[in-house]
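Below: one structure, written as structure tokens.
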Amino acid sequence: TIALDWWRASDHRGQTVPEDAPVVLVLHGLAGGSSEGYCKWMCEAASSQGWRAVVVNYRGCGGLELTSPKTYNAAFVDDIRIAVETISSLFPKAPLAAVGYSLGSMLLTKYCAVYDNRPEGSKLV
257 TIALDWWRAS
267 DHRGQTVPED
277 APVVLVLHGL
287 AGGSSEGYCK
297 WMCEAASSQG
307 WRAVVVNYRG
317 CGGLELTSPK
327 TYNAAFVDDI
337 RIAVETISSL
347 FPKAPLAAVG
357 YSLGSMLLTK
367 YCAVYDNRPE
377 GSKLV
């Protein structure tokens with residue numbers, strides 16, 4: 257099981273974010289989670305610009321209990337696909353961007369190589 261940890265749903269002025277506001281999907285590094293400083297920083301930066309922000313906590317990371325014998329690894333990107341599909345179904349009018357840190361960037365790169373349903377803001381550098 258993965259978890260989508262959503263940053264607050266209001267912008268920096270306390271206004272509710274519109275349904276079509278862009279979403280940034282944040283993929284953390286090895287053994288990290290949504291509580292990592294770099295994830296919080298990215299979510300805050302996105303929120304201050306009127307974006308929604310969400311961090312994927314991988315299987316067994318970020319305090320998640322493992323609910324299956326499968327853990328995450330750098331070769332397994334189906335969980336990223338599920339996260340992208342879930343976010344897209346929740347906010348179908350919102351552009352979706354993604355950013356990965358360390359292992360998260362590896363997962364994002366592989367996801368973009370394997371699947372056509374890429375977050376439109378994904379830039380691989």
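Just so we're aligned, residue 257 is where the sequence shown starts under the working numbering, counting upward by one. For every residue, glycine included, the Cβ atom is placed at its ideal position computed from N, Cα and C. Only a predicted model underlies this, so the values are computations on that prediction, with no experimental measurement involved.
| Item | Value |
| --- | --- |
| Helix, strand or coil: which one does DSSP assign to residue 261? | strand |
| Between residue 356 and residue 325, what straight-line distance do the alpha-carbon atoms span, to the nearest angstrom? | 25 Å |
| Closest by CA to residue 308, which one among 330, 322, 350, 316? | 350 |
| Is the distance from the Cβ of residue 313 to the Cβ of residue 261 below 7 Å? | yes |
| Taking contact to mean at least 3 C-beta pairs separated by less than 8 Å, is the region 284-295 in contact with the region 363-370? | no |
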